[in-house]
Each structure stands twice: as structure tokens, then as C-alpha cells.
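These notes are about the structure you will find just below.
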Amino acid sequence: MPSFHQLFTLIFISFWGITSGFSQKLAFTVTMEEPASHLFQVELNCEGFKGEKIDFRMPVWSPGYYQKMNYPKNLQNFKVTDVKGNKVNWLKKNNSTWEVENNGRELRISYSILADRKFVANSYLDEERGYIVPTSVFLYPANQLNLSSTVAIRPFSKWNKIATGLDEVKGKPNTFYAPDYDVLYDSPILMGNLDELPVFYVKGIPHRFIGYKLGEFDRVQFVNDLKNIIEKASDIIGEIPYQHYTFLGIGPGQGGIEHANSTAISFDGAALNTPDGRIRVLNFLAHEYFHHYNVKRIRPLELGPFDYDNGNRTKLLWISEGLTVYYEYLILKRAGITNEQQLLQSLRNNMRAFENKPGRLYQSLAEASYDTWSDGPFGRTDDEVNKTISYYDKGPVVGMLLDFKIRHETQNKKSLDDVMKVLYQQFYRQKKRGFTDEEFKAVCEKIVTKPIDDILAYVSTVREIDYQKYLNYAGLEVDTTAQILPGAWTGISTRMRNDSVVVTNVEWQSPAWNAGIRRQAILLNADSKPAQQFDEIVSRKKPSESINVVCLQNNEKKTTIIQLSTKREKNFPIRRVPNPTVLQNKIYEAWGK
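If you're matching positions, the sequence shown starts at 1 in full-length UniProt numbering and goes up one per residue.
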């Protein structure tokens, strides 16, 4: 039986033509007759608007990717006419706003969108496929994000499929309906000669996986794995809040962006053909899928309503992103895809990534969340990278500590799962809004029945983490001593770019750092030998020796001596304690189930 929302949508669509004379109407049509040009052609028909002028705006970012993308720069050939083809005056007020004269006429706005960059947060078009990030393609009337719209896609004649999370308008092939702009902007569209896996059902809800160049892999096993992941993820919250879900594989590459009933992911099935590759891909998919709960519905208050012109800053991405990383590990373990050692190894990798970087001394987890708009999701670049951290590394670690604390204080009767359930029911279902810092703290403390200030100090400050205290709750112990790594250490990472050896990273306060070498320098020679032999030369050196380097840095030739040394690094091996208590055993055994 259809839900109330479905019935309302069907009724609305059925009476679209009848009601259009009494309400505002927005209808987009997207064509791509010459896909090799990388240009989408967009026409927006709108009517029923009051006022002499209407401001149409284009967002500068896309929710889920917390960076300004400057989408308006790709809009070209802006034109406006009335229904009879008469020219209508317009003015570009600023980078993202077009002011259009109205006078009660039906308007036809046309423009082109350049889509020539292959990236999950960018629209893309070529002769093989088209990918639409809606915030980069569809204009909205200022201050009227609540308006519904239709989107008609006219794909290139040689293509066979269109995939999106939007509902299709009955009786109108390749035409889709969005009840408001938040839904429209949350629903990417993929088209081309796409490959689709068999539809599978979880709790009676259909799930599709469809994409461009999916690759060669065991499709039966993959579908079974994905179904298992969704079952375990949905068990955490206890319900599935959508009517259908679509995974959109946009092609080989990197990155994914979550949506309420779909996700757009870079995907190459060939990676599934090795054990490690299979785990990486499934972790990635579990992460993006769990986001439909944790960020699309369980969300910080600041992440809605969206400010498409300026972005939405929050200090709580460590919850939205960091805890989602933590849950991707737990979901795979609960699904039987990984084992206990793989679960611990994943968290250990996060600990090593966070603890062995100097940014931990400078930037708190809350600051990393708030500053992502300027720093990027993985921290700043250039020399400033040494003063930042990634909430993708520290976030899941703090999530583990909080989970163990909840389990310990409640005698393993409650866990972080209970926090996520309460946040979902109390704020998404009941209050229909996001939560604040204080409300997150209150939910946790009501479940724990004790303060969690000790955990939150690891969020708001750069205080050193007492790993042993919290891991011990689960009968685990960790070695936090720094080990001396074998061989001579320079601190330089390089890669070949054309015929040049380019410095891609210089570790903070390493021998190379102290010698003044920085990222993007080009090594010319080392000890009077070609730079291509740099690693080999270093491998023959003792830590007490030095190496003479000539490099090109900031367009200037520079000669310097790197005084080699040894590197000390924490590896954080985690193991079970020899004689765990009854409670420690209960917590450890229940943790991954």
C-alpha cells in the first residue's frame, strides 16, 4: 500500500496541469545533443510568479561535499524569452544571481552548463555518459526553495538508461518530480549505456545498483554483500525511511556523496577481485549508505535548512563523518565480511594516521569540523598541513572511545547504537530538525547516566588521548610507545611527474624539513647523481650521514645538505588483555555483533 507521501505525490502530479493556473510552476528540460562538447542544454519554463522581477540563483556548493565549488562559473549562454519567443530583459546581479523581468508572463529561461571535469561533486558529460549534480545545473528562484518542479531528461540518442533517486512522473517517460528544491538538489542523475545489477529487497524496499563501466567482478557475491550490509545498517536504527534506494556508479575514480535515497559513488568493480580491495570497496559503500541515516536524517542543526549561497558550517562533522567511518567498520564486522582483527586494524590505522601527524597538537576535532570549508576534508595543504587534522581519522577513534564508555558504564546494556536511535527518533522523527552540541551531549548522558565531559574534551581540545583507559573497558590494551624505524630518514616523499622527481610531501621537523625543502620542489640530483636514484641513495646511507641535494624550489635553484636521522613512530598494536573480567568479555564480544 502506498504511503501518505506517495499518495500525495501521485495526486499532485495527476493534477499538475489543472493547478498550474493557480500556482507557481517550474519545469526543467535537459538536452545533450552534442555530448562531446561537454555542454548540457537547460530550459526552465516558469509561470505564476508575482512581481516585476525575479532573481534566479545557482548554488555554489553541494551538500555532502563541504567545499565551495563556484558552480555559476560554468553557466553559459543565458537567455530569456516569453511563451511567444519575445526577448525578456535580464541582468546578472552578481556571480550567482540573474535578475529577470517578469510582469506575470510565462518565462522560458535557457542556458548551457559546461560539464568537463570528472569528479563526484561536478556534473560531467561526454559521448559515453552524463552525470548531473543538481546544484550545478538547476537554477532556483530566490527565497523559494519550497517550490516543486519537474525535470525532463532528453538523453543522447545512443544511450539506454537514466538513473536517479527522484520519482518518475507517471505517463511521462524520463520526466521526474521533486516536491521541493532540497529534494531536487539531493538527487543526482546518471545517464548513458549503463549496466544494472539485479534489484534486491531489504525489509520489502527495492535497492538498485546501476552504473557506468562497472567492471568485471563476482556480481552475485557483490549483491549478497551489499544486501547484507544494508540489513545490518538498517538494524541499527530499526527502520528504513525511504521507498526505494539507488547506488549510482559514476565510473572509476575517487569519492562519493551521500543522499537521502541514493548515493553517487566512483566505482570500479575490478577492485573487488582482491581480498583487500573487496574490503575497501565495501567499507566505502557502507560509509556512503549509512550516511542516509547519519547526516541526511540524524544531522547537526546547522546542516539544514541549507544555505546554498554560502555553505553551512558546523563543529559536529566529527559526528556526521567520523562516526560514520566508525560504523562502516562495525557494519562490515556485523555482516560477517570482516573479522575482529580487521575491525581492530581499521581503527588502529586511524589512530596511527592521527597520532603520527603534528596537527594533533594544534587543531581540535571541533575545529577541524568547522574549518573544513577552508581547510578541506583532509586538512590544509602546503606547510599548513602540519597544523591540521582530519575528522575522518580522529572522529572514528573518539567514536570507539565513546562506545566503550557507554558499554562500560551501563554494564553493556547500552551502546552508541542507542545514541543513534534516540537521535533519529527524537530529532528527525519527532522534532523534524537537527540537534545541537548540547543536545547530543544530553542524549549521551541520559543513556550513560554519567557525564561524558572526558570524551568531549577530546573533541574540543588537543588533549592527549588516554587510549588505555577506554580500550581496557573492552579487555583490550594498546602499546603507545614510539618505535625507532630501521634505516636512514629524510622525511621526503616523491613521485615521478613526466621526467621530473617531484616532492609530494615533507614531514614536519624531519631532516628535509629542517633543511628547508618543501612540497612541489623538483629534485635535480642527489650526491651528484640523477634524482631518479634518490631513494636508492638514501637506502645505502646510515642515519648519521648526510646527503647533498640540488633542487628547484619556487623557480630558484637551491643546493642544500640533508643531515639524515632516524624516525620514531607509534604503531599502536592492539591486543586482548591476558585475563579479562566478565564485563570486559561481554563488552568485547557484543561490540562487533
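A virtual CB, placed ideally from N, CA and C, is assigned to each residue, including glycine.
Buried versus exposed, by CB contacts within 10 Å (16 or more), residue i
i, result
"residue 361", "exposed"
"residue 510", "buried"
"residue 17", "Because the pLDDT of residue 17 is 40, which lies under 50, any placement of that residue in the model is unreliable, and the question is left without a value."
"residue 466", "exposed"
"residue 167", "buried"
"residue 561", "exposed"
"residue 338", "buried"
"residue 321", "buried"
"residue 582", "exposed"
"residue 207", "buried"
"residue 175", "buried"
"residue 364", "buried"
"residue 492", "buried"
"residue 333", "buried"
"residue 544", "exposed"
"residue 220", "exposed"
Nearest-angstrom Cα separation, counted from residue j out to residue i
i, j, result
"residue 427", "residue 531", "58 Å"
"residue 404", "residue 24", "53 Å"
"residue 350", "residue 539", "28 Å"
"residue 22", "residue 83", "Confidence at residue 22 is low in this model, with a pLDDT of 47, below 50, so its placement is unreliable and no value can be given for it."
"residue 201", "residue 256", "23 Å"
"residue 585", "residue 488", "43 Å"
"residue 151", "residue 478", "55 Å"
"residue 408", "residue 242", "34 Å"
"residue 44", "residue 420", "41 Å"
"residue 577", "residue 119", "45 Å"
"residue 57", "residue 237", "37 Å"
"residue 154", "residue 32", "7 Å"
"residue 157", "residue 442", "56 Å"
"residue 356", "residue 55", "50 Å"
"residue 568", "residue 125", "48 Å"
"residue 233", "residue 500", "47 Å"
"residue 324", "residue 468", "23 Å"
"residue 508", "residue 209", "43 Å"
"residue 69", "residue 59", "9 Å"
"residue 186", "residue 121", "12 Å"
"residue 245", "residue 262", "5 Å"
"residue 190", "residue 146", "24 Å"
"residue 595", "residue 425", "Not covered by the structure: residue 595. The range shown for the chain is 1 to 593."
"residue 549", "residue 439", "55 Å"
"residue 116", "residue 523", "33 Å"
"residue 184", "residue 112", "19 Å"
"residue 445", "residue 432", "22 Å"
"residue 135", "residue 71", "8 Å"
"residue 268", "residue 253", "8 Å"
Distance between beta carbons of residue j and residue i, contact taken as under 8 Å
i, j, result
"residue 27", "residue 149", "7 Å"
"residue 285", "residue 592", "Not a contact, Cβ separation roughly 19 Å."
"residue 517", "residue 503", "6 Å"
"residue 393", "residue 353", "4 Å"
"residue 512", "residue 494", "The pair is not a contact, with the Cβ atoms about 10 Å apart (cut-off 8 Å)."
"residue 359", "residue 389", "4 Å"
"residue 564", "residue 537", "Going by Cβ atoms, the distance from residue 564 to residue 537 rounds to 11 Å, so no, they are not a contact pair."
Contact under 9 Å by Cβ, residue i with residue j
i, j, result
"residue 302", "residue 434", "yes"
"residue 110", "residue 79", "yes"
"residue 327", "residue 401", "no"
"residue 521", "residue 558", "yes"
"residue 304", "residue 248", "no"
"residue 129", "residue 277", "no"
"residue 505", "residue 519", "yes"
"residue 73", "residue 81", "no"
"residue 38", "residue 114", "yes"
"residue 473", "residue 587", "yes"
"residue 270", "residue 216", "yes"
"residue 64", "residue 281", "no"
"residue 449", "residue 572", "no"
"residue 482", "residue 570", "yes"
"residue 203", "residue 239", "yes"
"residue 297", "residue 335", "no"
9 Å Cβ cutoff, residue i in contact with chain B
i, result
"residue 123", "The displayed structure is made up of one protein chain only, and chain B is not part of it."
Just checking, does the segment 156 to 176 make contact with the segment 185 to 205 on the three C-beta pairs under 8 Å criterion?
-> Touching, yes.
Is there contact here, the segment 306 to 316 with the segment 363 to 375, by at least three beta-carbon pairs under 8 Å?
-> The segment 306 to 316 and the segment 363 to 375 touch, with no fewer than 3 CB-CB distances between them shorter than 8 Å.
Pair every Cβ in the segment 90 to 110 with every Cβ in the segment 224 to 240, then say whether three or more of these pairs are closer than 8 Å.
-> The answer is no - the segment 224 to 240 does not touch the segment 90 to 110, with fewer than three Cβ pairs under 8 Å.
Using 8 Å as the threshold, is the segment 286 to 293 in touch with the segment 47 to 54, meaning 3 or more CB pairs across them?
-> Taking a contact to require three or more Cβ pairs closer than 8 Å, the segment 286 to 293 and the segment 47 to 54 do not qualify as touching.
Would you call the segment 413 to 422 and the segment 338 to 352 touching, i.e. three or more CB-CB distances under 8 Å?
-> In this structure the segment 413 to 422 does not touch the segment 338 to 352; the number of beta carbon pairs closer than 8 Å is below three.
Would the segment 383 to 399 and the segment 446 to 465 be scored as touching if the rule is three or more Cβ pairs under 8 Å?
-> Short answer: they touch.
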